[in-house]
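First residue of the sequence shown? That's 1 in full-length UniProt numbering, and the numbers climb one at a time after it.
For reference, the structure discussed in these notes is given below.
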Amino acid sequence: MTDSSVAALRAASGPGARTRVWDLPTRLFHWALAVAVIGMIGTGLNGAMEWHFRLGYTVLALLLFRVLWGFVGGRWSRFGAFVYGPGSLAAYLRGRAHPDHLIGHTPLGALSVFAVLTILAVQVSTGLMADDEISASGPLTRFVSGEVVSLATGWHKAQGKWAVIALVSLHVLAVLFYVLIKRHRLVRPMVTGDKLVSSESGQVAPSRDDAASRWLALILFALCAGVAWWISSLRV
(Lines of atoms letter the chains of each structure in order from A and count residues from 1; the text may use other names and numbers.)
(Lines give C-alpha, C1' and ligand atoms only; values in the text may rest on other atoms or scores of the structure.)
Protein backbone atom coordinates (compact mmCIF):
# COMPACT_ATOMS: atom_id res chain seq x y z
CA MET A 1 0.00 0.00 0.00
CA THR A 2 1.41 3.40 -0.99
CA ASP A 3 1.93 6.25 1.47
CA SER A 4 -0.65 8.36 -0.35
CA SER A 5 -3.32 5.67 -0.15
CA VAL A 6 -2.63 5.14 3.56
CA ALA A 7 -2.92 8.87 4.17
CA ALA A 8 -6.15 9.06 2.16
CA LEU A 9 -7.63 6.15 4.07
CA ARG A 10 -6.75 7.72 7.39
CA ALA A 11 -8.12 11.11 6.34
CA ALA A 12 -11.39 9.60 5.17
CA SER A 13 -11.79 7.36 8.16
CA GLY A 14 -11.47 9.92 10.93
CA PRO A 15 -10.79 8.88 14.50
CA GLY A 16 -10.51 5.20 15.27
CA ALA A 17 -11.12 2.90 18.19
CA ARG A 18 -8.70 0.66 20.00
CA THR A 19 -9.42 -2.98 19.22
CA ARG A 20 -7.85 -6.14 20.61
CA VAL A 21 -6.16 -7.60 17.55
CA TRP A 22 -3.40 -9.80 18.99
CA ASP A 23 -4.43 -12.04 21.87
CA LEU A 24 -1.99 -12.72 24.70
CA PRO A 25 -1.03 -16.26 23.55
CA THR A 26 -0.13 -14.92 20.09
CA ARG A 27 1.97 -12.14 21.59
CA LEU A 28 3.80 -14.53 23.92
CA PHE A 29 4.38 -16.92 21.02
CA HIS A 30 5.80 -14.14 18.88
CA TRP A 31 8.36 -12.91 21.41
CA ALA A 32 9.23 -16.40 22.68
CA LEU A 33 9.86 -17.57 19.12
CA ALA A 34 12.05 -14.53 18.40
CA VAL A 35 14.20 -15.18 21.48
CA ALA A 36 14.40 -18.94 20.85
CA VAL A 37 15.35 -18.58 17.18
CA ILE A 38 18.03 -15.98 17.89
CA GLY A 39 19.37 -18.22 20.64
CA MET A 40 19.25 -21.25 18.36
CA ILE A 41 21.25 -19.41 15.70
CA GLY A 42 23.80 -18.18 18.23
CA THR A 43 24.34 -21.55 19.91
CA GLY A 44 24.59 -23.27 16.54
CA LEU A 45 27.25 -20.86 15.29
CA ASN A 46 29.22 -21.17 18.54
CA GLY A 47 28.98 -24.94 18.86
CA ALA A 48 27.00 -24.94 22.11
CA MET A 49 25.11 -28.00 20.97
CA GLU A 50 23.28 -28.96 24.17
CA TRP A 51 21.67 -25.53 24.35
CA HIS A 52 21.17 -25.63 20.57
CA PHE A 53 19.12 -28.82 20.99
CA ARG A 54 17.15 -27.40 23.91
CA LEU A 55 16.25 -24.28 21.98
CA GLY A 56 15.41 -26.41 18.95
CA TYR A 57 12.92 -28.41 21.00
CA THR A 58 11.50 -25.11 22.28
CA VAL A 59 11.01 -23.88 18.72
CA LEU A 60 9.39 -27.20 17.85
CA ALA A 61 6.89 -26.82 20.70
CA LEU A 62 6.16 -23.22 19.71
CA LEU A 63 5.61 -24.15 16.06
CA LEU A 64 3.24 -26.98 16.97
CA PHE A 65 1.32 -24.58 19.20
CA ARG A 66 1.09 -21.93 16.47
CA VAL A 67 -0.36 -24.42 14.01
CA LEU A 68 -3.09 -25.35 16.50
CA TRP A 69 -3.66 -21.74 17.50
CA GLY A 70 -4.05 -20.87 13.84
CA PHE A 71 -7.37 -22.73 13.92
CA VAL A 72 -8.73 -21.99 17.42
CA GLY A 73 -7.00 -18.75 18.44
CA GLY A 74 -8.20 -15.17 18.37
CA ARG A 75 -9.95 -13.78 15.31
CA TRP A 76 -6.87 -12.16 13.75
CA SER A 77 -4.48 -14.95 14.74
CA ARG A 78 -6.34 -17.60 12.78
CA PHE A 79 -4.93 -18.62 9.42
CA GLY A 80 -8.29 -17.90 7.83
CA ALA A 81 -7.82 -14.22 8.65
CA PHE A 82 -4.63 -13.84 6.63
CA VAL A 83 -4.70 -16.39 3.85
CA TYR A 84 -4.95 -14.08 0.83
CA GLY A 85 -5.38 -14.96 -2.81
CA PRO A 86 -3.25 -13.55 -5.66
CA GLY A 87 -5.90 -10.91 -6.35
CA SER A 88 -5.68 -9.50 -2.82
CA LEU A 89 -1.90 -9.42 -2.98
CA ALA A 90 -1.94 -7.67 -6.36
CA ALA A 91 -4.49 -5.10 -5.14
CA TYR A 92 -2.40 -4.43 -2.04
CA LEU A 93 0.76 -3.90 -4.09
CA ARG A 94 -1.13 -1.51 -6.40
CA GLY A 95 -2.22 0.59 -3.42
CA ARG A 96 -5.82 -0.61 -3.33
CA ALA A 97 -5.71 -2.43 -0.02
CA HIS A 98 -8.83 -3.78 1.63
CA PRO A 99 -9.48 -2.19 5.07
CA ASP A 100 -8.83 -5.59 6.69
CA HIS A 101 -5.23 -5.39 5.46
CA LEU A 102 -4.62 -2.61 7.97
CA ILE A 103 -5.91 -4.61 10.93
CA GLY A 104 -4.17 -7.98 11.08
CA HIS A 105 -1.44 -9.19 8.77
CA THR A 106 -1.12 -7.47 5.41
CA PRO A 107 -0.81 -9.76 2.34
CA LEU A 108 2.96 -9.24 2.34
CA GLY A 109 3.09 -9.75 6.09
CA ALA A 110 1.11 -12.97 5.72
CA LEU A 111 3.61 -14.27 3.14
CA SER A 112 6.40 -13.45 5.58
CA VAL A 113 4.66 -15.31 8.41
CA PHE A 114 4.11 -18.45 6.35
CA ALA A 115 7.66 -18.31 4.98
CA VAL A 116 9.16 -18.04 8.46
CA LEU A 117 6.99 -20.83 9.86
CA THR A 118 7.78 -23.11 6.90
CA ILE A 119 11.54 -22.52 6.96
CA LEU A 120 11.69 -22.98 10.72
CA ALA A 121 9.64 -26.17 10.50
CA VAL A 122 12.01 -27.56 7.85
CA GLN A 123 15.08 -26.50 9.86
CA VAL A 124 13.83 -28.08 13.07
CA SER A 125 12.74 -31.25 11.26
CA THR A 126 16.11 -31.68 9.57
CA GLY A 127 17.83 -30.98 12.88
CA LEU A 128 15.97 -33.88 14.44
CA MET A 129 17.45 -36.15 11.76
CA ALA A 130 20.91 -34.58 11.47
CA ASP A 131 24.18 -36.14 12.61
CA ASP A 132 27.55 -34.39 12.56
CA GLU A 133 29.29 -37.75 13.25
CA ILE A 134 31.29 -36.10 16.04
CA SER A 135 29.27 -35.15 19.08
CA ALA A 136 25.71 -34.28 18.08
CA SER A 137 22.95 -36.31 16.50
CA GLY A 138 19.23 -35.74 16.35
CA PRO A 139 16.77 -38.01 18.17
CA LEU A 140 15.25 -39.33 14.94
CA THR A 141 18.44 -40.37 13.17
CA ARG A 142 18.05 -44.03 14.12
CA PHE A 143 14.57 -44.15 12.59
CA VAL A 144 15.55 -43.04 9.07
CA SER A 145 18.00 -44.24 6.45
CA GLY A 146 21.58 -43.06 6.18
CA GLU A 147 20.73 -41.24 2.96
CA VAL A 148 18.01 -39.25 4.70
CA VAL A 149 20.37 -38.44 7.58
CA SER A 150 22.98 -37.22 5.11
CA LEU A 151 20.49 -35.01 3.24
CA ALA A 152 19.04 -33.63 6.47
CA THR A 153 22.49 -32.88 7.88
CA GLY A 154 23.63 -31.14 4.71
CA TRP A 155 20.53 -28.94 4.58
CA HIS A 156 20.54 -28.15 8.31
CA LYS A 157 24.18 -27.09 8.42
CA ALA A 158 24.24 -25.17 5.13
CA GLN A 159 21.20 -23.96 3.17
CA GLY A 160 18.77 -24.18 6.06
CA LYS A 161 20.97 -22.27 8.48
CA TRP A 162 21.50 -19.40 6.05
CA ALA A 163 17.84 -19.40 5.03
CA VAL A 164 16.82 -18.90 8.67
CA ILE A 165 19.41 -16.13 9.16
CA ALA A 166 18.30 -14.43 5.94
CA LEU A 167 14.61 -14.59 6.83
CA VAL A 168 15.17 -13.30 10.35
CA SER A 169 17.29 -10.43 9.01
CA LEU A 170 14.72 -9.63 6.32
CA HIS A 171 11.92 -9.67 8.89
CA VAL A 172 13.79 -7.24 11.16
CA LEU A 173 14.60 -4.94 8.24
CA ALA A 174 10.97 -4.98 7.07
CA VAL A 175 9.74 -4.04 10.55
CA LEU A 176 12.28 -1.21 10.75
CA PHE A 177 11.22 0.02 7.30
CA TYR A 178 7.54 0.11 8.23
CA VAL A 179 8.21 1.69 11.62
CA LEU A 180 10.84 4.27 10.64
CA ILE A 181 9.92 5.07 7.03
CA LYS A 182 6.19 4.42 6.71
CA ARG A 183 5.44 5.28 10.34
CA HIS A 184 3.30 2.20 10.90
CA ARG A 185 2.96 1.09 14.50
CA LEU A 186 3.84 -2.59 14.33
CA VAL A 187 5.70 -3.23 17.57
CA ARG A 188 3.36 -1.67 20.12
CA PRO A 189 0.29 -3.74 19.11
CA MET A 190 2.37 -6.89 19.47
CA VAL A 191 3.16 -5.79 23.03
CA THR A 192 -0.20 -4.45 24.19
CA GLY A 193 -2.42 -6.45 21.83
CA ASP A 194 -4.49 -3.39 20.88
CA LYS A 195 -4.52 -1.53 17.62
CA LEU A 196 -6.12 1.77 16.60
CA VAL A 197 -8.62 0.70 13.93
CA SER A 198 -10.09 3.35 11.66
CA SER A 199 -13.83 3.76 11.23
CA GLU A 200 -13.30 3.08 7.52
CA SER A 201 -12.92 -0.58 8.44
CA GLY A 202 -16.48 -0.67 9.79
CA GLN A 203 -17.39 -2.83 12.73
CA VAL A 204 -14.26 -4.84 13.40
CA ALA A 205 -14.57 -8.07 15.39
CA PRO A 206 -11.86 -8.12 18.06
CA SER A 207 -9.83 -11.19 18.85
CA ARG A 208 -11.07 -13.19 21.78
CA ASP A 209 -8.61 -12.78 24.62
CA ASP A 210 -10.36 -13.79 27.82
CA ALA A 211 -9.38 -16.16 30.63
CA ALA A 212 -10.97 -19.16 28.91
CA SER A 213 -9.00 -18.67 25.68
CA ARG A 214 -5.79 -18.16 27.64
CA TRP A 215 -6.32 -21.37 29.60
CA LEU A 216 -7.00 -23.17 26.32
CA ALA A 217 -3.74 -21.81 24.93
CA LEU A 218 -1.86 -22.95 28.03
CA ILE A 219 -3.28 -26.47 27.74
CA LEU A 220 -2.45 -26.63 24.04
CA PHE A 221 1.10 -25.42 24.61
CA ALA A 222 1.56 -27.93 27.42
CA LEU A 223 0.53 -30.70 25.02
CA CYS A 224 2.90 -29.39 22.35
CA ALA A 225 5.73 -29.13 24.87
CA GLY A 226 4.98 -32.71 25.88
CA VAL A 227 5.33 -33.85 22.27
CA ALA A 228 8.64 -31.99 21.95
CA TRP A 229 9.87 -33.52 25.21
CA TRP A 230 8.89 -37.02 24.06
CA ILE A 231 10.79 -36.53 20.81
CA SER A 232 13.82 -35.30 22.76
CA SER A 233 13.68 -38.43 24.93
CA LEU A 234 14.34 -40.56 21.84
CA ARG A 235 17.85 -39.17 21.60
CA VAL A 236 20.50 -41.66 22.62
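No residue lacks a Cβ here, since even glycine has one placed at the ideal position from N, Cα and C.
Per-residue burial, residue i [other beta carbons within 10 Å of its own, 16 or more giving buried]
{"i": "Gly226", "result": "exposed"}
{"i": "Ala158", "result": "exposed"}
{"i": "Ser77", "result": "buried"}
{"i": "Leu64", "result": "buried"}
{"i": "residue 256", "result": "Not covered by the structure: residue 256. The range shown for the chain is 1 to 236."}
{"i": "Asp132", "result": "exposed"}
{"i": "Thr26", "result": "buried"}
{"i": "Val37", "result": "buried"}
{"i": "Val187", "result": "exposed"}
{"i": "Trp31", "result": "exposed"}
{"i": "Leu180", "result": "exposed"}
{"i": "Ile103", "result": "buried"}
{"i": "Gly146", "result": "exposed"}
{"i": "Asp209", "result": "buried"}
{"i": "Phe177", "result": "exposed"}
{"i": "Leu234", "result": "exposed"}
{"i": "Pro86", "result": "exposed"}
{"i": "Thr58", "result": "buried"}
{"i": "Val149", "result": "buried"}
{"i": "Ala81", "result": "buried"}
{"i": "Ala152", "result": "buried"}
{"i": "Val72", "result": "exposed"}
{"i": "Thr141", "result": "buried"}
{"i": "Val204", "result": "buried"}
Which residues DSSP lists as bridging residue i, in chain order
{"i": "Thr19", "result": "Lys195"}
{"i": "Ser137", "result": "Asp131"}
Residue range of the unbroken alpha helix (DSSP H) whose run includes residue i
{"i": "Pro86", "result": "Pro86 to Leu93"}
{"i": "Ser150", "result": "Gly146 to Lys157"}
{"i": "Val35", "result": "Leu24 to Asn46"}
{"i": "Thr58", "result": "Met49 to Val72"}
CB-CB length for residue i against residue j, believed under 8 Å
{"i": "Pro189", "j": "Arg75", "result": "So it is not a contact: roughly 14 Å between Cβ atoms."}
{"i": "His156", "j": "Gln123", "result": "6 Å"}
{"i": "Thr43", "j": "Leu55", "result": "6 Å"}
{"i": "Gly138", "j": "Gly154", "result": "Contact doesn't hold; Cβ gap of about 13 Å is too wide."}
{"i": "Met129", "j": "Val144", "result": "6 Å"}
{"i": "Arg18", "j": "Leu196", "result": "6 Å"}
{"i": "Ile41", "j": "Ile165", "result": "6 Å"}
{"i": "Leu218", "j": "Leu68", "result": "Contact flag wrong, Cβ pair sits at about 12 Å."}
Residue i (DSSP reduced to helix, strand or coil)
{"i": "Asp210", "result": "coil"}
{"i": "Val82", "result": "Strictly speaking, residue 82 in this sequence is Phe, with Val absent from that position. Correct three-state label for Phe82: coil."}
{"i": "Leu223", "result": "helix"}
{"i": "Ala7", "result": "Low per-residue confidence applies at Ala7: pLDDT is 39, beneath 50, and the placement is therefore not dependable enough to give any value."}
{"i": "Ala12", "result": "With a pLDDT of 36 at Ala12, under the threshold of 50, the modelled position of that residue is not reliable, and the figure given next carries that caveat. Helix, per DSSP."}
{"i": "Thr118", "result": "helix"}
{"i": "Ser233", "result": "coil"}
{"i": "Leu186", "result": "coil"}
{"i": "Ile103", "result": "coil"}
{"i": "His171", "result": "helix"}
{"i": "Arg96", "result": "coil"}
{"i": "Val204", "result": "coil"}
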